[in-house]
């Protein structure tokens with residue numbers, strides 16, 4: 011009896027998965043994509059119609075130019091979007107090895123990533139290896155843990171052709187826009203310019219925003235706050251919001267200085283106090299875009315570095331899949347973090363029900379948000395990861411375990427002891443915002 015062949019796209023991922031599968035499996039990596047549209051700019055002319063098309067094209071210069079363009083793009087938008095795929099340079103040995111292993115395998119599991127690119131890699135692998143489709147199964151998992159791997163292999167499925175088609179459509183549009191619109195820019199504007207499926211739209215958005223900025227007419231306004239000392243040396247910072255019983259917001263330096271002069275001469279007494287309970291919902295767990303934003307703001311990481319570190323964390327089994335647009339969390343994940351918070355900080359810090367977050371329209375709710383695979387593992391324990399990866403893990407870990415704020419706002423209404431004309435003010439006390447903001451289980455700070 012032969013062994014089953016498992017193909018993933020990354021050597022690091024193969025190494026991690028290999029630990030969880032028994033000796034009946036051989037885990038190998040495709041090292042990313044194995045084939046694509048022509049990379050050299052000219053496809054090999056082996057399609058069934060290419061010779062006939064070329065003969066006819068000689069009769070008309072326009073047809074000849076169209077045929078040449080189609081050959082360069084590697085996809086024919088005029089005849090059913092027929093694609094001419096080629097094995098990528100340098101991948102010949104990888105493909106040969108996978109074909110050889112597949113010949114002797116009892117079954118082949120395509121375990122590439124669960125997004126469009128991963129589905130497309132799996133499809134290309136099946137197409138290149140060939141043979142009976144019944145020999146192939148598709149397995150997907152959101153995290154590389156023993157339980158997740160074993161569950162995925164116990165419930166193998168089939169390729170999602172709709173997702174494959176979506177990836178191909180994106181790839182075809184890359185070529186159409188790049189190869190057909192760029193020459194138009196050379197002709198109409200200047201040589202050397204390029205157009206792109208994403209790039210051109212992004213440039214348009216930047217231009218529109220710049221026009222909005224230039225058209226914006228700024229309005230001057232000032233904010234007033236007073237640092238006060240109450241009896242017992244209690245420090246309070248008050249925001250000036252009203253004057254003479256009406257909302258007050260100075261709009262120039264003169265109004266502001268006049269108010270400051272009046273405030274500095276006054277003595278204050280508490281006219282009344284209003285305790286207003288409020289609550290604050292913690293931010294949603296990270297999706298790809300919010301992780302990139304937070305890593306840029308808090309860690310100074312660029313998008314490329316963030317995704318590279320996240321990829322390594324995922325492949326090592328430390329976090330869930332990092333390309334997601336869903337804030338959804340599995341029930342197992344919710345149970346895990348609620349158990350951790352209850353054990354570490356006390357049941358009183360747990361909300362009665364898990365927080366619910368809305369995802370954007372068309373998000374893939376079957377996916378999860380980015381979270382630690384095991385909340386009990388803190389950054390300092392990731393000895394197999396470099397320092398920057400540990401920092402990113404800590405960021406993800408903190409966001410996953412944040413707690414709600416059940417704080418309150420206290421309103422103090424002040425009056426001048428003589429004229430009783432000074433503004434009212436309010437102060438929000440230091441919030442009782444408790445969250446997992448330290449990397450050890452013994453600390454929670456607001």
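Numbering (my numbering), first residue to last: 11 to 456. The beta-carbon is built from N, C-alpha and C at its ideal position, and this holds for glycine as well.
According to DSSP, residue pairing for residue 401 in a beta bridge does not occur. Under the criterion of beta carbons closer than 8 angstroms, residue 37 and residue 22 do not qualify as touching, at roughly 12 angstroms. Within the region 244–292, the complete beta strand (DSSP E) segments at least 3 residues long are 244–250, 278–287, listed from N- to C-terminus. Look at residue 153 here: in three-state DSSP terms it is strand. Shown here for residue 153: same chain residues with a beta carbon closer than 6 angstroms to its own, the five before and five after excluded, namely 330, 383 in chain order. DSSP, reduced to helix, strand and coil, places residue 350 within a helical segment of the structure shown. Distance between residue 227 and residue 351, taken at the CA atoms: about 49 angstroms. Contact check for residue 379 against residue 339 passes: the beta carbons are separated by less than 7 angstroms. In this structure, the alpha-carbon of residue 311 lies about 20 angstroms from that of residue 394. In the assembly as shown, residue 39 is a buried residue. Its beta-carbon has 16 or more other beta-carbons within 10 Å. In the structure shown, the three-state DSSP call for residue 210 is helix. Between the region 113–124 and the region 294–305 there are fewer than three C-beta pairs closer than 8 angstroms, too few to call the two in contact. Residue pairing for residue 380: DSSP places it in a beta bridge opposite 296.
Rounded to whole angstroms, the separation of the alpha carbons of residue 319 and residue 347 is 23 angstroms. Residue burial annotation: residue 91 is exposed, with fewer than 16 other C-beta atoms found within 10 angstroms of its C-beta. The DSSP-derived three-state label of residue 333 is coil.
DSSP places residue 188 in the helix class (H, G or I) of the three-state scheme.
Counting C-beta pairs with one atom in each stretch, the region 179–189 and the region 78–91 have three or more that are closer than 8 angstroms, which means they touch. Only residues of its own chain outside the window of five on either side were considered, and among them 12 have a CB closer than 6 angstroms to the CB of residue 114, listed in chain order.
Cβ contact annotation for residue 174 (same chain, cutoff 7 angstroms, sequence separation greater than five): 129, 130, 133, in chain order.
Here the region 234–251 does not lie against the region 194–213, with fewer than 3 beta-carbon pairs under 8 angstroms apart. For residue 205, there is no enclosing beta strand (DSSP E), as DSSP gives it neither H nor E.
The beta-carbon separation of residue 104 and residue 44, rounded to 6 angstroms, stays under the 8 angstroms limit for a contact.
Its Cα nearest to that of residue 263, the residue 232 stands out among 284, 232, 292.
Within the same chain, Cβ atoms closer than 7 angstroms to the Cβ of residue 205 are found at 187, 188, 191, 192, 195, the five residues on either side in sequence being excluded.
Assignment of residue 167 by DSSP, reduced to helix, strand and coil, places it in the strand class. The alpha helix (DSSP H) runs lying completely inside the region 70–128 and spanning 4 residues or more are 71–83, 102–113, given in chain order.
Exposure of residue 99 is indicated by the presence of fewer than 16 other C-beta atoms within 10 angstroms of its C-beta.
Taking 8 angstroms as the upper bound for CB-CB distance, residue 35 and residue 16 are in contact here, some 5 angstroms apart. Cβ contact annotation for residue 398 (same chain, cutoff 6 angstroms, sequence separation greater than five): 319, in chain order. Residue 159 sits close to residue 30, with the two beta carbons spaced by under 7 angstroms. Contact between residue 120 and residue 148 holds: CB atoms are separated by about 5 angstroms, below the 8 angstroms threshold. Straight across, the Cα-Cα distance linking residue 136 with residue 356 is about 51 angstroms.
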